[in-house]
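Everything below concerns the one structure shown next.
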Amino acid sequence: MTMSLALLALLGVPTARAEIAPECEGLPKPDDYDEQTQQDHQQNYFALVSSFSPLHAAVPHAGGRGSIGVDVGVLPPLGCAQRYVLDWTKTEDTNKSPIIPKITASYAFPEIKDRLVFYGGLALLPPIPLNGTRTLLLSAELGFGVHAAKVVDVGARFHMTLQRTYGDVATAFTPDEPVVEDVYVGSTWGIDALLSFPVAVNEQQISPYLAAGYLDASTFFFVGDSSYAAINLHPYGGPAIAVGLDTLLVKRLRLAGEFYAAPGGFTLPDADAEVVGGFDRYGSLYTARFRIGVEL
Numbered sequence: 021m022t023m024s025l026a027l028l029a030l031l032g033v034p035t036a037r038a039e040i041a042p043e044c045e046g047l048p049k050p051d052d053y054d055e056q057t058q059q060d061h062q063q064n065y066f067a068l069v070s071s072f073s074p075l076h077a078a079v080p081h082a083g084g085r086g087s088i089g090v091d092v093g094v095l096p097p098l099g100c101a102q103r104y105v106l107d108w109t110k111t112e113d114t115n116k117s118p119i120i121p122k123i124t125a126s127y128a129f130p131e132i133k134d135r136l137v138f139y140g141g142l143a144l145l146p147p148i149p150l151n152g153t154r155t156l157l158l159s160a161e162l163g164f165g166v167h168a169a170k171v172v173d174v175g176a177r178f179h180m181t182l183q184r185t186y187g188d189v190a191t192a193f194t195p196d197e198p199v200v201e202d203v204y205v206g207s208t209w210g211i212d213a214l215l216s217f218p219v220a221v222n223e224q225q226i227s228p229y230l231a232a233g234y235l236d237a238s239t240f241f242f243v244g245d246s247s248y249a250a251i252n253l254h255p256y257g258g259p260a261i262a263v264g265l266d267t268l269l270v271k272r273l274r275l276a277g278e279f280y281a282a283p284g285g286f287t288l289p290d291a292d293a294e295v296v297g298g299f300d301r302y303g304s305l306y307t308a309r310f311r312i313g314v315e316l
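For the sequence shown, the numbering used here gives the first residue as 21, with consecutive numbering after it.
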C-alpha cells in the first residue's frame, strides 16, 4: 500500500527507521517477495471482505414480505507475511477490527404465477469512528428466485458494494511523526447463481443453500503522509462461493449463516503488468458471515 524504496529515497523519506510491529519483528523475508504483489494483495483483500454475499436462500422471502436486521462479517486478520511492505522494512496497521457489521433491509415483490419472485436488498455501514478509522459501506442487490420443485428453489442475483475508509493504515515511519489519515476506496460487483432446498420442520422454515458466481473488484489507496497513490495492477476478478443456512423461526426471526470463499483470481488492466505466483497471491478470502433480522 506504499511506494517503492527507490521513490521514497528520491523524496528524502528516511526508510531506514521504518516501523515494524513488535509481533512481526524478525520474520525473514521470503525469497519470492514482490513489492507490487504485496501491495495488490492488501488492496484486494479489503475489497473482498466487504463484498455483498447472499446470506439468504434462492428465494429470500415469501412474496410481499421483507426483513430488517444486521449482518456481521468476520474479518480474518492479515498475518505478518501479508503486512510487510517497502522491501520487507515496514509493516502496515491493517488489523483494525475483527468484524464488519452492516444494517440490512430486503424485500420480495409479490410472486408471479406462484413461482417467480423478484427481490432487492440494501446494506449500510455508517462512517462511525472505530479504532482510529471511519468506514462507509453501501451495498445493494437485485435478484430473482423460482420455486422449481417442492423442495428446490433456484435463482440469480446481481450485487455491488462501495467502500470508503479513512484512517492511519500506512502509519508513520517513526513514532514521533504526526498521525496522517490515509484514504482507501474499494468497490465490488458480482453475479451469483443460487440453489436452495427449503423444508418445513415443526412450522419452522429451514433452507440450506449454495451460491456460486463471479466477483470483480476495483481499489484505490492514497497514503496521506507522503501523498502517494498506490496503483493496483492486479485487481481481483475471479470466483466467489457461499454455502449457508437460511432460517425463519417463529414466523418473525430471520437467522442466516454462511461460509464464504473468494479463492483467488485477478484481471490485468495493464496488459504488460508482470504476474508473480498463482492466483491467490493477489488476494483470497475464506470467512464466515451471519445475519439476524425481523421478518416483516
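Glycine included, C-beta positions come from ideal geometry on N, C-alpha and C. Fair warning: this is a prediction, and the values are worked out from it, not measured in the lab.
Three-state class that DSSP yields for residue i in the structure shown
i, result
"GLU278", "strand"
"ASP202", "strand"
"ARG161", "Just to set this straight, residue 161 is Glu in the shown sequence, not Arg. DSSP places GLU161 in strand when its eight states are reduced to three."
"SER121", "Note on identity: in this sequence residue 121 is Pro, with Ser being the wrong assignment. Note: PRO121 maps to strand in three-state DSSP."
"ARG135", "coil"
"ALA39", "Residue 39 is actually Glu in this sequence, not Ala. Three-state DSSP puts GLU39 in coil, outside helix and strand."
"ASP212", "strand"
"MET21", "Annotation note: pLDDT 42 at MET21 (below 50); position unreliable, coordinate value reported separately. The answer is coil: DSSP assigns MET21 none of H, G, I, E or B."
"ARG301", "helix"
Where the alpha helix (DSSP H) through residue i begins and ends
i, result
"ASP60", "55 to 68"
"ALA291", "No alpha helix (DSSP H) holds ALA291; DSSP gives it neither H nor E."
"ARG103", "100 to 103"
Expected contact under 8 Å - CB spacing of residue i and residue j to nearest Å
i, j, result
"VAL69", "ILE120", "6 Å"
"GLY187", "ARG154", "7 Å"
"LEU157", "LEU145", "4 Å"
"ALA282", "LEU305", "5 Å"
"ASP136", "PHE164", "It should be pointed out that residue 136 corresponds to Leu in this sequence rather than to Asp. With a Cβ gap of about 6 Å, LEU136 and PHE164 count as contacting."
Residue range of the unbroken beta strand (DSSP E) whose run includes residue i
i, result
"SER87", "86 to 94"
"ASP173", "172 to 187"
"ARG309", "305 to 315"
"VAL219", "219 to 221"
Residue i: CB within 8 Å of a non-hydrogen atom of the ligand NAP
i, result
"GLY297", "The ligand content of the structure shown is nil, which means the ligand NAP is not present either."
field: 3 or more residues per run - each beta strand (DSSP E) lying fully within the stretch 224 to 283
entry: 224 to 243, 248 to 250, 257 to 269, 273 to 282
- request: Decide if the stretch 54 to 63 is in contact with the stretch 249 to 264; the criterion is three or more beta carbon pairs, one per stretch, under 8 Å apart.
  value: yes
The stretch 287 to 297 in contact with the stretch 266 to 276 per 3-pair CB rule at 8 Å: no
Segment contact, 8 Å Cβ cut-off, at least three pairs: the stretch 124 to 139 with the stretch 92 to 103: no
Inter-stretch contact (C-beta, 8 Å, three-pair minimum) for the stretch 78 to 90 and the stretch 292 to 306: no
query: Is the stretch 205 to 212 touching the stretch 233 to 245 in the sense that three or more CB pairs, one from each, lie closer than 8 Å?
result: yes
message: With a threshold of 8 Å, are at least 3 pairs of Cβ atoms found where one atom belongs to the stretch 105 to 112 and the other to the stretch 150 to 170?
response: no
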